[in-house]
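Q:
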Amino acid sequence: PRKLLPRSRGHSMSPSPRKTRVVHLIGSAVSTYYELLSTQYAQACIANAKDAATLAEFDFKYALVQPTEKGPRWSFPNDLENSTIAAARRVEHGEALSIIAAMEADVCVPHMFCYPGMTAYRAIFDVLGIPFVGCPVECMSLTTDKFQSRAVVAAAGVRVAKGELLRRGDKPSIPVPFVLKPCCEDNSMGVSIVRDISEVTPALEEAFKFDDQVVCEAYIPLGREIRCAVLENDKGEPDRILPCLEYFLSDDHPIRVSTDKVAVDAQGQPTGLASGGRKCPADVDDVLLAKLSDATIRSHRALGCRDFSLYDFRIDPQGEVYFLEACPVCSFSQKSVIVSMASASGDDDIAHPRLFHTMLRRAAARGSSANGSTQAFGMRANGY
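Taking the working numbering, the leading residue of the sequence shown gets 1, the next gets one more, and so forth.
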């Protein structure tokens, strides 16, 4: 990517610095559900990024991936209005890469939530030398795999429920009640709680609709379910725990399912964020906050996260904290979870849109510092 020009500090005769070129990576390579979900999140991001400070510093471009019967296709709409997206010319991978390279983008904001979108499509920007906001590809691959990620955080000292990985034909060895969840799927799709042995077969069938591997975890008695996030500082250290968010559950509804997270239409396609019982900042005492903060920072480091990360934890009736899953994504709209948590802190430095600006500048700087770097030995580039 082209190096950023220094910001002007002189008189009005000084040349204006060019804006930071930002490409938003949107859509899905595999499903209409994730294409629509990604597009809606990106549209919300752009709708909340029309303030004077954002427009003065950043120039937004859009790269949209859509699933078709002939395979994924790209388009590059001038804006994210639905009519503009529908009219945009679609191209194949080869032409798309040339178009992206010609953008000379300084930074990418990934909004893709399908597995290829969080891994292979992010990797395209690595290859093109365009840094992106958020976690690296290897981290996204790891955190999407619920069984591997729980093993990694457990090795780092974070408490997890007893669990096992099931493949087709396997039967759970963990006694009921337990929770079944597809190993590599998000938004609680295919997740169910099994309270009686008669429920095992239909629950497995539902989970295997989404993946060939299913995680079986011992059910943690309902205490509380809390989401925690951490931000890195300029040195890459995870040191800023944001105010926690609590989801209110009940004995009749003890786990969050897909419709608790995403509102859908009659065909099951996303229409927006679901509303539900939640509170931010959550009422958390010092003892619980210390446990949550420790688990969050340990998980962030163990999983190799970058810039920020987000976690769901279950707290049992005795106050012990259990890792449920990592969800290190953010689209930086005003209603995004991390943005909402940051706003709840009352700190203007991380209020919207300043947090978004910080993340864009930090990622762009990673690209500038990597330009022209070479080394004689080693399989991994310094600073990669």
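Ideal placement from N, C-alpha and C gives every residue a C-beta, glycine not left out.
Name the two residues that bound the continuous alpha helix (DSSP H) containing Lys-70.
A: Taking the sequence shown and counting its residues from 1, the one referred to as residue 70 is at position 70. Segment: none, Lys-70 is in no alpha helix (DSSP H) and carries neither H nor E.
Q: For the alpha helix (DSSP H) containing Asp-286, name the first residue and the last one.
A: Against the sequence shown, residue 286 aligns to sequence position 286. It spans 286 to 303 - the alpha helix (DSSP H) in which Asp-286 sits, taken as one unbroken run.
Q: Just to confirm the assignment: which complete beta strand (DSSP E) runs, minimum length 3, are found wholly within the segment 48 to 93?
A: Those beta strand (DSSP E) runs which fall completely within the segment 48 to 93 and span 3+ residues are 58 to 66, 73 to 75.
Q: Thinking Arg-240 and Asp-307 are a contact (beta carbons under 8 Å), I'd like their distance in whole angstroms, please.
A: The count along the sequence shown starts at 1 and reaches residue 240 at position 240. The count along the sequence shown starts at 1 and reaches residue 307 at position 307. The Cβ separation is near 11 Å, so there is no contact.
Q: Determine the extent of the beta strand (DSSP E) in which Gln-213 is found, giving its start and end residues.
A: One-based indexing of the sequence shown puts residue 213 at position 213. Element bounds for Gln-213: 213 to 218.
Q: Just the Cα atoms here: how many angstroms apart are Asp-312 and Leu-222?
A: Locating residue 312 in the sequence shown gives position 312, counting from the first residue. Locating residue 222 in the sequence shown gives position 222, counting from the first residue. If I take the Cα positions, the gap works out to 14 Å.
Q: Suppose you measure from the CA of Asp-196 to the CA of Pro-202; what does that come to, to the nearest Å?
A: To locate residue 196, count along the sequence shown from 1; it is residue 196. To locate residue 202, count along the sequence shown from 1; it is residue 202. Taking the straight line joining both Cα atoms gives about 11 Å.
Q: Go ahead and label Val-127 buried or exposed: buried means 16 or more other beta carbons lie within 10 angstroms of its beta carbon, across all protein chains shown.
A: Taking the first residue of the sequence shown as position 1, residue 127 is located at position 127. Exposed.
Q: Which residue marks the beginning of the beta strand (DSSP E) containing Val-179, and which one marks its end?
A: By 1-based counting over the sequence shown, the position of residue 179 is 179. Its beta strand (DSSP E) spans residues 178 to 182.
Q: Contact between the segment 328 to 344 and the segment 232 to 248 is defined here as three or more beta-carbon pairs at a separation below 8 Å; is this criterion met?
A: Result yes; three or more Cβ-Cβ pairs closer than 8 Å.
Q: Val-30 by DSSP, collapsed to three states: which one?
A: By 1-based counting over the sequence shown, the position of residue 30 is 30. Three-state DSSP puts Val-30 in coil, outside helix and strand.
Q: Which same chain residues, not among the five before or five after Tyr-33, have their C-beta less than 8 Å away from its C-beta?
A: If you number the sequence shown from 1, residue 33 lands on position 33. Same-chain partners within the cutoff: Gly-268, Gln-269, Pro-270.
Q: Between Asp-59, Ala-365, Ala-155, which lies nearest to Lys-235 when the distance is taken from Cα to Cα?
A: The count along the sequence shown starts at 1 and reaches residue 235 at position 235. Residue Ala-365 is the option with its Cα nearest to Lys-235.
Q: With 16 other CB atoms within 10 Å as the buried threshold, where does Arg-21 fall?
A: Position 21 of the sequence shown, counting from 1, holds the residue named residue 21. Arg-21 should be labelled buried.
Q: Distance check for Gly-129 and Ile-83, CA to CA, integer angstroms please.
A: Translated into the one-based positions of the sequence shown, residue 83 becomes position 83. Translated into the one-based positions of the sequence shown, residue 129 becomes position 129. The sequence given here places Ser at residue 83; Ile does not occur at that position. Taking the straight line from one Cα to the other gives about 31 Å.
Q: Helix, strand or coil for Pro-202 per DSSP?
A: Along the sequence shown, one-based indexing puts residue 202 at 202. Reduced to three states, the DSSP call for Pro-202 is helix.
Q: In angstroms, rounded to a whole number, what distance separates the CA positions of Leu-165 and Val-152?
A: As a position in the sequence shown, residue 165 is number 165, starting the count at 1. As a position in the sequence shown, residue 152 is number 152, starting the count at 1. Spanning the two alpha carbons is a distance of roughly 15 Å.
Q: Assign Ala-364 to one of three DSSP states: helix, strand, or coil.
A: The count along the sequence shown starts at 1 and reaches residue 364 at position 364. In this structure, Ala-364 counts as helix in the three-state DSSP scheme.
Q: Considering only heavy atoms of the ligand ADP, does any lie closer than 7 Å to the CB of Gly-304?
A: Questions concerning the ligand ADP fall outside what the structure shown contains, since it holds no ligand whatsoever.
Q: Throw me the rounded Cβ distance for the Arg-168 and Val-160 pair, which I believe falls under 8 Å.
A: Working through the sequence shown from its first residue, we reach residue 168 at position 168. Working through the sequence shown from its first residue, we reach residue 160 at position 160. At roughly 24 Å, the Cβ-Cβ gap does not stay under 8 Å, so Arg-168 and Val-160 are not in contact.
Q: Could you tell me which residues DSSP puts in a beta bridge with Arg-278?
A: The residue labelled residue 278 in the question sits at position 278 within the sequence shown. BP columns for Arg-278 point to Tyr-247.
Q: Out of Ala-156, His-93, Ala-155, which one is the CA nearest neighbour of Phe-125?
A: Numbered from 1 along the sequence shown, position 125 holds the residue referred to as residue 125. With distances taken between Cα atoms, Phe-125 lies closest to His-93.
Q: Return the Cβ separation of Ile-226 and Tyr-322 in integer angstroms, given the expectation that the two are a contact with Cβ distance under 8 Å.
A: Within the sequence shown, the letter at position 226 stands for residue 226. Within the sequence shown, the letter at position 322 stands for residue 322. Rounded, the Cβ-Cβ distance is 11 Å, inconsistent with contact.
Q: In the structure shown, what three-state DSSP assignment does Asp-348 receive?
A: To locate residue 348, count along the sequence shown from 1; it is residue 348. Reduced to three states, the DSSP call for Asp-348 is helix.
Q: Assuming Leu-142 is part of the alpha helix (DSSP H), what are its boundary residues?
A: The residue given as residue 142 occupies position 142 in the sequence shown. Here the alpha helix (DSSP H) through Leu-142 covers 137 to 144.
Q: Quick one: what does DSSP say Leu-36 is sitting in, helix, strand or coil?
A: Within the sequence shown, the letter at position 36 stands for residue 36. Three-state result, Leu-36: helix.
Q: Measure the Cβ-Cβ separation of Asp-186 and Phe-113 and say whether it is below 8 Å.
A: Here the question's residue 186 lines up with position 186 in the sequence shown. Here the question's residue 113 lines up with position 113 in the sequence shown. In this structure, Phe-113 lies closer than 8 Å to Asp-186 by Cβ.
Q: Within the continuous alpha helix (DSSP H) that includes Arg-122, where are the two ends?
A: For this step, residue 122 is matched to residue 122 along the sequence shown. Its alpha helix (DSSP H) spans residues 120 to 127.
Q: DSSP state of Cys-228, grouped into three classes?
A: Numbered from 1 along the sequence shown, position 228 holds the residue referred to as residue 228. Strand, per DSSP.
Q: By DSSP's criteria, Glu-164 is part of a beta bridge. Which residues make up the other side?
A: Residue 164 sits at position 164 when you count from the first residue of the sequence shown. DSSP lists Cys-216 as partners of Glu-164.
Q: Would you identify the three-state DSSP class for Phe-208, choosing helix, strand or coil?
A: Position 208 of the sequence shown, counted from the start, is the residue given in the question as residue 208. Helix at Phe-208.
Q: With DSSP run on the structure shown, which of helix, strand or coil describes Thr-374?
A: Against the sequence shown, residue 374 aligns to sequence position 374. Coil.
Q: Report the option in Val-214, Pro-175, Asp-170 whose CA atom is closest to the CA atom of Met-189.
A: Along the sequence shown, one-based indexing puts residue 189 at 189. For the residues Val-214, Pro-175, Asp-170, the minimum Cα distance to Met-189 belongs to Val-214.
Q: Using a threshold of 8 Å, state whether the C-beta atoms of Ile-174 and Cys-216 are closer than that.
A: By one-based count along the sequence shown, residue 174 stands at place 174. By one-based count along the sequence shown, residue 216 stands at place 216. Closer than 8 Å, so yes.
Q: In terms of residues, what are the limits of the beta strand (DSSP E) holding Leu-324?
A: For the purposes of this step, residue 324 is identified with residue 324 of the sequence shown, where counting begins at 1. Counting along the chain, the beta strand (DSSP E) containing Leu-324 begins and ends at 321 to 326.
Q: Name the DSSP bridge partner or partners of Phe-313?
A: As a first step, residue 313 must be located in the sequence shown, where it is residue number 313. Note: Phe-313 sits in a beta bridge opposite Ile-226, Phe-323.
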